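Position 22, counted from 1, in the sequence shown is what full-length UniProt numbering calls 22; the numbers after and before it change by one each time, with no gaps.
Glycine is no exception: its CB is placed at the ideal position from the N, C-alpha and C atoms.
A quick note: this is a predicted structure, and the numbers were derived from the prediction, not measured.
What follows is a single structure, written as structure tokens, with notes after it.
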Amino acid sequence: MLPIIILLPLILGTTLVALLQRFSREATALGAIAVSLTCFGLLLTEAKQIFAGAAILQSWDWLPQLGLNLSFRLDALGLLFSLLITGIGTLIYIYAYYYLSPRNSLAKLYMLLMVFMTAMLGISLSNNLILLLVFWELTSISSFLLVGYWSHYEAAQRGSRMALTITGMGGLAMLGGFILIGQITGTYQIDQLVNMKEMIQSHALFVPALLLILLGAFTKSAQFPFHFWLPNAMAAPTPVSAYLHSATMVKAGIFLLARLAPIFIGAALYHNIVTFVGLFTLCMAAFFAIFKEDLKGLLAYSTISHLGLIVCLLGIGSPLAVAAAIFHIINHATFKAALFMIAGIVDHETGTRDLRKLSGIWQLLPFTATLTMITAASMAGVPLTNGFISKEMFFTELVSSLNGSALIFSTIVATLAGIFAVSYSLRMLHGVFFDGPVGEKVPNKDAHEPAWGMRLPATLLAILCILVGIIPALLVENIVNGATRASLAMPEFAGVHLAIWHGFNLPLIMSLIALIGGTVFYFALAKDGRIRHIDLDPYLGNFQGRILFDKFLKYLLLGSRKIKRSTETGSLQLYLFLIVLFSIAIVSIPLFNQGLSTGSRELTHAPMIAIVLWLILFSACWMMLWFHHERIKAVLISGAIGLVVTMIFIGFSAPDLALTQITVDVVTTVLLLMSLSLLPQLTPYESRRSRRWRDAMIAIIGGLGIGWIAWLILTRDHNSLSWFFMQQSLPLGGGSNVVNVILVDFRGFDTFGEITVLGIAAIGALCLMDGMRIHGTSVTQGLTYRFNPSPLMLRTTASWVLPIALVVSLYIFLRGHNYPGGGFIAGLVTSMALIIQYIAQGQDQAEQMLKAKSGRLYELWIGIGLLIAGLSGMAAWYWSRPFLTSAHIYVDIPVIGKAHLASAALFDVGVYVTVVGATMLLISVLGDSRHSSMSGPVPREGDTS
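Now the structure itself:
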């Protein structure tokens with residue numbers, strides 16, 4: 001159920017929107033709303049039991065050895081966030097239909113919002129840190145696309161890049177923290193981590209893990225000093241801003257802190273950092289919000305401020321403080337989503353959201369002004385609104401959890417933040433809707449209330465602000481207490497009672513000071529319109545986040561260019577020198593303090609065949625050294641070295657490796673010959689004697705080093721894992737050919753990655769050489785050979801080589817699980833047979849025979865092969881087994897008899913098809929580029945020759 005809820009917007013939602021956009025905007029909107037409502041309804045069916053303390057766990061093994069599992073958990077905390085994501089998301093979909101003009105793509109916005117909804121639901125319902133990180137990064141990518149929805153605006157491009165950079169860097173830091181947590185505990189399962197508090201906090205890696213995770217949370221939730229990306233993301237459409245600021249993007253960091261609270265609470269460093277950062281962000285952002293000129297900019301800084309309040313409560317960490325944080329998450333989502341929608345209505349109807357131009361528009365938008373009164377009052381913490389109750393709880397926990405100078409400091413800062421909050425709330429209400437008649441600078445003085453569909457979402461949220469403010473115990477008390485118990489992993493927590501009146505106390509005095517002081521402060525600033533002319537940027541100078549970020553990117557770019565200029569000289573010799581030198585250094589570091597003496601293992605005499613093969617290998621390597629300037633000879637000599645290695649594998653009774661080596665050797669030799677035919681036949685000689693001596697010394701040191709390491713390994717006793725594979729190959733993998741069973745079963749994931757890389761390399765070569773034309777080729781520049789039709793005898797011979805080779809490859813494939821062979825070798829044998837067809841018939845005729853024009857068939861083969869391999873691995877999920885887990889059975893087949901069938905054979909089919917497709921695509925691409933190169937020089941303008 002949980003994966004369905006998460007993937008429903010991504011798969012069904014995007015597909016439905018894409019299909020319905022062909023009919024009408026109304027159908028598109030209804031489809032998106034229906035998907036979001038379905039998710040909301042599915043979650044709501046579990047609400048009663050979940051908020052009562054139950055939890056739903058669903059898990060599928062993916063890579064259990066690495067701690068990566070598809071594990072999901074629906075508890076009260078996850079359900080609360082999921083309901084906010086889908087509930088407010090539904091309202092956003094309704095609002096977006098009326099907000100966007102027909103000139104803008106509604107389907108594009110809905111599809112991006114659907115992807116974003118999936119990412120946020122994945123974060124809320126993940127029970128594995130690594131899986132959570134995957135969805136976390138998906139929020140960064142999807143928010144990048146959403147903020148840059150109007151990609152033709154420079155502000156949208158800049159804001160989206162800034163958001164992606166800051167949150168992406170935080171995500172990388174968080175990945176490091178998660179890995180450290182996994183190293184400490186041995187698991188990434190969140191429900192197991194919450195019971196390991198003592199182990200985690202007592203470990204030496206706890207502090208770096210904590211700091212890295214806090215970096216991820218602070219960057220995502222725009223806490224100081226990473227707050228500046230959020231106001232710069234205001235170029236996004238207002239529905240996007242309303243969604244990101246109320247229930248999704250910026251709440252991801254808050255959710256992470258709430259989810260991991262059980263393993264962090266009690267650590268002094270956690271409490272000190274999180275409380276101080278939250279308190280500072282609360283006050284700082286509230287002050288800046290007062291002076292913002294853009295209505296959405298004001299709301300953005302108010303979002304940062306309220307996020308700071310929640311972070312501060314989570315930093316305090318007491319059960320009541322966490323309950324207050326949970327309650328304010330709900331309240332902030334309701335009034336902030338409504339306020340952003342109101343900002344969008346003002347902009348939509350008047351043509352501007354510039355606070356210097358807006359005034360007195362209550363006469364034009366009376367209903368919208370009423371909604372603003374309610375929601376702005378909630379944001380300011382006015383009594384009888386939900387914001388007042390959670391603000392009172394914040395003040396209460398702040399003064400009750402601190403003492404001494406910390407209490408005095410925190411009380412002053414929190415009260416100042418309350419004063420500033422009232423001031424910016426009044427500026428949005430009074431400065432926009434009142435403050436005199438309709439301003440002369442309002443672009444559209446004939447503005448009117450928008451359609452009811454555009455006002456309805458904000459109206460519903462405003463009603464909630466009032467209802468929760470009056471009867472909180474009836475509406476949200478069970479939700480808050482259930483989510484608090486889930487966050488703290490404290491089923492015994494008695495809960496908090498939500499009420500309007502808690503008596504006359506210090507928190508109430510702080511609230512009264514904030515209300516009165518904020519009102520006085522605002523009207524003092526607003527007198528004679530002075531607030532419209534106050535600009536803080538000159539006072540901040542270069543200490544603005546945006547400016548510092550731009551300077552950071554500038555110096556990063558300049559530094560990278562300097563490094564590039566000093567290293568990328570265009571000399572392949574220099575590149576190889578640096579690579580080999582670096583490799584020698586890396587290998588030497590771990591061996592520096594190790595004993596380098598030979599071991600005590602008893603040595604055996606080398607047989608004569610080994611000595612002969614060694615002499616042949618030595619001779620071939622010496623010839624390579626002598627003829628390496630002649631490219632074609634070097635390739636042929638390397639092929640000879642490969643044949644010697646094949647003989648060595650045969651001598652060591654490794655037929656699988658021998659078959660693989662010889663087939664790979666043949667195919668790569670052909671590919672190298674084809675590639676080098678596009679280049680000059682000779683490699684330039686070294687320019688200086690000193691360089692030759694330098695390269696010789698590096699080669700000698702590297703060769704002797706590798707030889708010495710091999711000698712140390714051969715002369716020392718060591719434990720081998722071969723016994724495990726020998727014993728378990730048949731009972732677990734269903735095959736007696738250990739090598740093939742390892743490739744398609746024990747290490748099947750590695751093989752899947754390798755064939756994926758092989759396919760990517762082939763397609764990359766296609767893209768790299770697409771349209772490549774090399775003219776004027778001559779003997780001094782390259783070879784003139786290409787795939788022209790060959791003599792009749794070769795063509796006749798090739799006509800019967802192909803079917804025989806296909807039969808041989810089929811035989812090698814079918815026997816691979818129990819005898820030397822397999823899909824990889826069979827694929828290379830098939831490729832060799834097809835290469836012979838290219839040589840014999842010419843490329844055009846061969847591709848015409850195979851219906852492989854321009855390599856398109858081979859691209860399809862690569863895709864089909866990877867799909868078969870992937871689906872064969874995913875089939876194991878049906879039986880709740882890890883990806884690529886194989887099974888085998890014995891079946892009685894008439895006439896044939898008893899047959900042994902293994903599901904890994906399907907995976908091997910994917911390997912076979914991918915290898916053939918990738919190899920032949922490379923051959924086709926290189927042959928086509930050479931064919932183009934032989935077409936002769938292209939006449940230039942004015943060329944009469």
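CA nearest to the CA of residue i, picked from the options
i, options, result
"Lys251", "Thr303, Ala204 and Gly297", "Thr303"
"Ala155", "Ile92, Pro231 and Ile825", "Pro231"
"Ser390", "Pro366, Gly418, Val240 and Leu365", "Gly418"
"Gln201", "Gln544, Pro882 and Ala268", "Ala268"
"Ile190", "Leu112, Tyr97, Leu138 and Gln58", "Gln58"
"Ser653", "His448, Val913, Gly278 and Pro820", "Pro820"
"Phe340", "Leu365, Gly436, Leu498 and Met234", "Met234"
"Leu814", "Leu732, Ser903 and Ala798", "Ser903"
"Ile326", "Arg856, Val35 and Ala258", "Ala258"
"Pro655", "Arg692, Gly816 and Val666", "Gly816"
"Ile92", "Leu112, Leu74, Ile760 and Leu79", "Leu112"
"Thr15", "Arg25, Val35 and Ile6", "Val35"
"Ala376", "Thr797, Trp861 and Phe420", "Phe420"
"Val667", "Val635, Pro208 and Leu2", "Val635"
"Thr715", "Phe752, Tyr301, Gly735 and Ser597", "Ser597"
"Pro208", "Phe523, Ala606 and Gly176", "Gly176"
"Gly186", "Ile698, Phe724, Lys633 and Ile130", "Ile130"
"Ser101", "Leu19, Phe224 and Asp347", "Asp347"
Start and end residues, alpha helix (DSSP H) containing residue i
i, result
"Trp622", "Met608 to Phe627"
"Ala481", "A small correction: the amino acid at residue 481 is Asn; Ala does not occupy that position in the sequence shown. Glu477 to Leu488 is the span of the alpha helix (DSSP H), which, as asked, contains Asn481."
"Val322", "Pro319 to Thr350"
"Arg688", "Here Arg688 belongs to no alpha helix (DSSP H), and DSSP marks it neither H nor E."
"Ile662", "Pro655 to Leu676"
"Phe493", "Counting along the chain, Phe493 falls outside any alpha helix (DSSP H), and DSSP gives it neither H nor E."
"Asp435", "Counting along the chain, Asp435 falls outside any alpha helix (DSSP H), and DSSP gives it neither H nor E."
"Tyr811", "Leu792 to Leu814"
"Tyr522", "Leu506 to Ala526"
"Tyr301", "Leu295 to Ile316"
"Arg530", "No alpha helix (DSSP H) contains Arg530, which DSSP labels as neither H nor E."
Delimiting residues of the beta strand (DSSP E) encompassing residue i
i, result
"Trp62", "Ile56 to Leu63"
"Val891", "His888 to Ile893"
C-beta contact flag for residue i and residue j at 9 Å
i, j, result
"Phe51", "Asn737", "no"
"Leu358", "Gly297", "no"
"Leu295", "Ala222", "no"
"Trp877", "Trp60", "yes"
"Met454", "Tyr110", "no"
"Ile470", "Leu384", "yes"
"Ser886", "Val744", "yes"
"Gly171", "Leu133", "yes"
"Leu475", "Val468", "yes"
"Met674", "Leu926", "yes"
"Val240", "Ala107", "no"
"Leu922", "Ala805", "no"
"Met120", "Phe72", "no"
"Ser425", "Gly545", "no"
"Ser305", "Thr281", "yes"
"Thr914", "Ile835", "no"
"Phe178", "Ile141", "no"
Segment contact, 8 Å Cβ cut-off, at least three pairs: the stretch 241 to 249 with the stretch 107 to 123: yes
Are there three or more Cβ pairs, one per stretch, closer than 8 Å when the stretch 899 to 912 is compared with the stretch 821 to 831? yes
With a floor of 4 residues, list each alpha helix (DSSP H) that falls wholly inside the stretch 342 to 401, ordered by position along the chain. 366 to 380 and 386 to 401
Fully enclosed by the stretch 69 to 127, which alpha helix (DSSP H) runs are 4 residues long or longer? 76 to 99 and 106 to 125
Whole alpha helix (DSSP H) elements within the stretch 4 to 53, 4-residue minimum: 14 to 20, 25 to 44 and 47 to 51
Would you check if the stretch 411 to 425 and the stretch 497 to 517 touch, i.e. whether three or more CB-CB distances between them fall below 8 Å? yes
Can you confirm whether the stretch 787 to 806 touches the stretch 865 to 872 when touching is taken to mean that 3 or more C-beta pairs between the two stretches lie within less than 8 Å? no
Three or more C-beta pairs closer than 8 Å, one from the stretch 337 to 354 and one from the stretch 481 to 496: is that the case here? no
Just list the alpha helix (DSSP H) runs in the stretch 160 to 195, keeping only unbroken ones of 4 residues or longer that don't cross its boundaries, in chain order. 190 to 193
Contact the stretch 309 to 328 vs the stretch 355 to 374: 3+ CB pairs below 8 Å: no
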